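Peer 1: Under the numbering used here, think of the first position of the sequence shown as 1, with each following residue one higher. Take a look at this one; I'll ask things after.
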Amino acid sequence: MKTKKNNSPEKNKVAKVVKTVVPSPRKIKIRVVGLGGGGAAIVSEMAAILKGVSFIAADTDIKTFRRIRRDVKPFHFGEKITNGFGTGLNPDLAQKAAIEEKEKIGRLFKDCDLVILVGCLGGGVASGAGPVFAEAASEQKAITIGIFTLPFSFEGDKKIRLAKKAVLSLTEKLSGVIAVPNERIFLLVDKKTALKKSFSLVNQTFAFWINDLLQVIAKPGLINIDFADLKAILEKRGKRLFFGQAAAQGPLRAEEVAKNIFQSPFFDGPPKNVKKILFNITGGADLGIKEVETVSNAIANLNPKAKIIFGITDSSSCKGKIRIILLAVSDDENNENNEAGERVAAKTQTGAGAGSVEKQPKAKTKRKIKTQPGAAESEEKKPMVRRTAMEVKKADEEERDREWAPEAEWEVPTFLRNKPE
């Protein structure tokens with residue numbers, strides 16, 4: 001009996017030590033906010049797919065909340081400004097309404113680790129209030145991702161310009177942004193598909209993107225990816241995101257999946273100017289190291305200098321298959337510069353481009369005239385015998401004005417030179 005009494009405390013001590021050494025991980029708090037009527041529709045469909053995530057629909061229009069699911073929490077704002085109605089596609093009005101209630105908006109994101117904003121740009125709430133919501137979430141130290149759709153081309157230039165302006169504003173305030181033109185819907189569905197079903201498929205695709213990313217973060221693997229890795233990829237604001245998914249089977253599955261990962265109908269081919277890459281390979285027990293190398297090399301070729309975080313997951317559901325998800329982070333400003341450079345390079349191969357190249361030697365010749373004043377003076381001395389001093393001065397000024405006119409143009413800021421008439 002004494003022996004049992006002596007051993008009992010030791011066993012309790014061991015049990016306590018084990019509990020202390022292996023604490024349960026803190027649950028990551030994730031919140032998805034749909035902005036405006038379009039965003040509310042998106043989160044309603046996401047709520048049917050995603051688990052362990054809280055959903056909010058935010059709008060100035062009370063009628064929006066009649067169409068959302070019960071598990072989506074309504075967030076009404078701007079009552080004093082819109083009287084419970086919409087903003088009439090006026091982003092300035094939506095922005096004003098959000099700014100007045102920014103403190104209330106900020107409380108939505110208290111203790112959140114990851115905030116995802118979704119919406120349809122080109123209207124009022126998503127375009128105008130979206131940046132205010134993004135800033136409020138960032139102030140709470142949350143990682144912030146924006147997933148937005150852009151208007152159809154037939155909705156008019158004004159709405160498209162408004163949407164693009166909103167993308168720039170949102171990109172400055174979010175950790176990363178995905179902006180998908182609605183035109184891409186036609187590449188995803190059959191032309192005979194009903195409009196409502198088409199939008200539903202797109203909404204579901206967004207939900208699957210988020211679900212795949214969360215599954216990779218949450219589930220253990222042979223090589224783990226966790227929330228800290230996602231945070232490292234999205235640690236700074238002002239980035240554009242590329243999300244890729246692909247799966248393949250068969251003898252050439254590695255080569256096939258490496259090719260298909262960049263062929264999403266929502267993006268124009270592989271991302272450019274990639275700075276950071278996070279990807280995960282999922283396969284069965286038959287996943288070979290050579291296959292991992294093939295896939296990894298294809299992804300690393302986006303930019304060998306990029307920061308790369310990868311994981312490998314063993315799953316019985318992927319027997320005979322290889323599945324990849326990829327999140328690439330690009331420098332938005334460099335993307336625009338490269339695209340502009342490509343357009344210029346293309347023009348130099350045409351007649352117009354050749355014409356512009358021919359002008360360059362002329363500019364150089366004019367600069368030489370400027371750097372050789374003696375030669376210019378000798379040319380002017382000849383007619384001085386037959387002209388008065390005033391005539392010589394006037395002629396000299398006119399010559400100088402003609403000489404420096406092309407150079408003076410470049411003293412004007414680019415945004416003024418290119419200002420439309």
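The beta carbon of each residue, even a glycine, is placed where N, CA and C say it ideally should be. This one's a predicted model, so the numbers in the text were calculated from it and none came from an experiment.
For the beta strand (DSSP E) containing I312, name the first residue and the last one.
Peer 2: Numbered from its first residue, the sequence shown carries residue 312 at position 312. Element bounds for I312: K307 to D314.
Peer 1: Identify the continuous beta strand (DSSP E) that holds R67 and give its terminal residues.
Peer 2: Numbered from its first residue, the sequence shown carries residue 67 at position 67. It is not in any beta strand (DSSP E) - R67 carries neither H nor E in the DSSP assignment.
Peer 1: Taking all protein chains shown into account, decide if I116 is buried (16 or more other Cβ within 10 angstroms of its Cβ) or exposed.
Peer 2: Within the sequence shown, the letter at position 116 stands for residue 116. Answer is buried; the Cβ neighbour count reaches 16.
Peer 1: Taking the beta strand (DSSP E) that T149 falls in, what are its first and last residues?
Peer 2: Here residue 149 refers to the residue found at position 149 of the sequence shown. I143 to L150 is the extent of the beta strand (DSSP E) around T149.
Peer 1: For the candidate residues V125, K63 and A142, whose alpha-carbon lies nearest to that of A163?
Peer 2: Position 163 of the sequence shown, counted from the start, is the residue given in the question as residue 163. Out of V125, K63 and A142, V125 has the C-alpha closest to the C-alpha of A163.
Peer 1: Do the stretch 240-247 and the stretch 257-277 make contact, defined as three or more Cβ pairs closer than 8 Å?
Peer 2: Counting Cβ pairs under 8 Å, three or more are found: they touch.
Peer 1: Taking all protein chains shown into account, do 16 or more other C-beta atoms lie within 10 angstroms of the C-beta of F279, making it buried, or fewer, making it exposed?
Peer 2: The residue labelled residue 279 in the question sits at position 279 within the sequence shown. It is buried - the Cβ of F279 has at least 16 other Cβ atoms within 10 Å.
Peer 1: Comparing alpha-carbon positions, which option in R31, F186, I68 and I62 lies nearest K51?
Peer 2: Taking the sequence shown and counting its residues from 1, one reaches residue 51 at position 51. Distance check between K51 and each of R31, F186, I68 and I62 places R31 closest, using alpha-carbon atoms only.
Peer 1: Helix, strand or coil for T171, going by three-state DSSP, please let me know.
Peer 2: Numbered from 1 along the sequence shown, position 171 holds the residue referred to as residue 171. The answer is helix: DSSP assigns T171 an H, G or I state.
Peer 1: What is the DSSP secondary structure of P181, reduced to helix, strand or coil?
Peer 2: By 1-based counting over the sequence shown, the position of residue 181 is 181. The answer is strand: DSSP assigns P181 an E or B state.
Peer 1: So is K307 buried or exposed if we call it buried at 16+ other beta carbons inside 10 Å?
Peer 2: Taking the first residue of the sequence shown as 1, we reach residue 307 at position 307. The residue is exposed, with fewer than 16 neighbouring Cβ atoms inside 10 Å.
Peer 1: Whose CA, out of N90, K104, F152 and E103, lies closest to the CA of G123?
Peer 2: The residue labelled residue 123 in the question sits at position 123 within the sequence shown. It is N90 whose Cα lies nearest to the Cα of G123.
Peer 1: Between which two residues does the alpha helix (DSSP H) containing D113 stretch?
Peer 2: Residue numbering aside, residue 113 sits at position 113 when the sequence shown is read from its first letter. Note, D113: premise wrong, no alpha helix (DSSP H); not H, not E.
Peer 1: With a Cβ-Cβ cutoff of 8 Å, do G119 and F148 count as a contact?
Peer 2: Locating residue 119 in the sequence shown gives position 119, where the first residue counts as 1. Locating residue 148 in the sequence shown gives position 148, where the first residue counts as 1. Yes, these two residues count as a Cβ contact at 8 Å.
Peer 1: So, for Q360: in the same chain, excluding its five sequence neighbours on each side, which residues have a beta-carbon less than 6 Å away from its beta-carbon?
Peer 2: As a first step, residue 360 is located in the sequence shown; it is residue number 360 there, counting from the start. For Q360, the predicted model reports a pLDDT of 41, less than 50, meaning its position is unreliable and no value from the coordinates is stated.
Peer 1: What is the DSSP secondary structure of I28, reduced to helix, strand or coil?
Peer 2: On the sequence shown, residue 28 is found 28 positions in, with the first residue counted as 1. I28 falls in the coil class under three-state DSSP.
Peer 1: Determine the direct distance from the alpha carbon of L114 to that of A142, and round the result to whole angstroms.
Peer 2: Position 142 of the sequence shown holds residue 142. Position 114 of the sequence shown holds residue 114. Per the coordinates, the alpha-carbon of A142 lies some 5 Å from the alpha-carbon of L114.
Peer 1: Do V72 and I62 come within 8 Å of each other at the CB atom, strictly closer than that value?
Peer 2: In the sequence shown, counting from the first residue as 1, residue 62 sits at position 62. In the sequence shown, counting from the first residue as 1, residue 72 sits at position 72. It is not a contact, given that the beta carbons lie outside the stated cut-off.
Peer 1: For L214, which residues in the same chain have their Cβ closer than 8 Å to its Cβ, ignoring the five residues on either side in sequence?
Peer 2: If you number the sequence shown from 1, residue 214 lands on position 214. The residues are I30, L50, G52 and V53.
Peer 1: Using only CA atoms, which one of D229, S198, R161 and L302 lies nearest to S330?
Peer 2: Here residue 330 refers to the residue found at position 330 when the sequence shown is read from its first residue. Nearest of D229, S198, R161 and L302 to S330, Cα basis: L302.
Peer 1: Do the CB positions of A40 and D59 come within less than 8 Å of each other?
Peer 2: Here residue 40 refers to the residue found at position 40 of the sequence shown. Here residue 59 refers to the residue found at position 59 of the sequence shown. Taking 8 Å as the Cβ cut-off, A40 and D59 qualify as a contacting pair.
Peer 1: Whose CA, out of S138, E256, E155 and F133, lies closest to the CA of E463?
Peer 2: In the structure as shown, the chain starts at 1 and stops at 421, and residue 463 therefore has no counterpart that could be examined.
Peer 1: Note down the Cα distance separating A218 from A232, rounded to an integer number of angstroms.
Peer 2: Numbered from its first residue, the sequence shown carries residue 218 at position 218. Numbered from its first residue, the sequence shown carries residue 232 at position 232. Between the alpha carbons of A218 and A232 lies a distance of about 16 Å.
Peer 1: Helix, strand or coil for S54 per DSSP?
Peer 2: Within the sequence shown, the letter at position 54 stands for residue 54. Residue state, collapsed to three classes: strand.
Peer 1: G221: which of F310, A98, G78 and L93 sits nearest, CA to CA?
Peer 2: Translated into the one-based positions of the sequence shown, residue 221 becomes position 221. Residue F310 is the option with its Cα nearest to G221.
Peer 1: Considering Cα atoms alone, identify which of S315, F152, P270 and K321 is closest to L327.
Peer 2: Stepping through the sequence shown from its first residue, residue 327 is reached at position 327. Answer by Cα proximity: P270.
Peer 1: Report the three-state DSSP secondary structure of Q215 (helix, strand or coil).
Peer 2: Along the sequence shown, read from residue 1 onward, the residue named residue 215 stands at position 215. Reduced to three states, the DSSP call for Q215 is helix.
Peer 1: Which value, in whole angstroms, describes the spacing of the CA atoms of A129 and T205?
Peer 2: Taking the sequence shown and counting its residues from 1, one reaches residue 129 at position 129. Taking the sequence shown and counting its residues from 1, one reaches residue 205 at position 205. Distance between the alpha carbons of A129 and T205: 24 Å.
Peer 1: How many angstroms separate the CA atom of K159 from the CA atom of T82?
Peer 2: Start at 1 with the first residue of the sequence shown, and residue 159 comes out as number 159. Start at 1 with the first residue of the sequence shown, and residue 82 comes out as number 82. In a straight line, the C-alpha of K159 is about 21 Å away from that of T82.
Peer 1: Distance, Cα to Cα, A298 vs L234?
Peer 2: On the sequence shown, residue 298 is found 298 positions in, with the first residue counted as 1. On the sequence shown, residue 234 is found 234 positions in, with the first residue counted as 1. Taking the straight line joining both Cα atoms gives about 22 Å.
Peer 1: Please tell me whether M46 and A179 are closer than 8 Å, where the distance is taken between their beta carbons.
Peer 2: Working through the sequence shown from its first residue, we reach residue 46 at position 46. Working through the sequence shown from its first residue, we reach residue 179 at position 179. Taking 8 Å as the cut-off, the Cβ atoms of M46 and A179 do not count as close.
Peer 1: So, helix, strand or coil for V189, using DSSP?
Peer 2: The residue you call residue 189 lines up with position 189 of the sequence shown. Reduced to three states, the DSSP call for V189 is coil.
Peer 1: Exposed or buried, F75, counting other C-beta atoms within 10 Å across all chains shown (16 or more means buried)?
Peer 2: Taking the sequence shown and counting its residues from 1, one reaches residue 75 at position 75. F75 is buried by the Cβ-count criterion.
Peer 1: How big is the Cα-Cα spacing for I289 and L201?
Peer 2: Start at 1 with the first residue of the sequence shown, and residue 289 comes out as number 289. Start at 1 with the first residue of the sequence shown, and residue 201 comes out as number 201. If I take the Cα positions, the gap works out to 35 Å.
Peer 1: Report back the beta-carbon spacing between I99 and F77 to the nearest angstrom; my notes put them in contact at under 8 Å.
Peer 2: Translated into positions along the sequence shown, residue 99 becomes position 99. Translated into positions along the sequence shown, residue 77 becomes position 77. With a Cβ gap of about 10 Å, I99 and F77 do not count as contacting.
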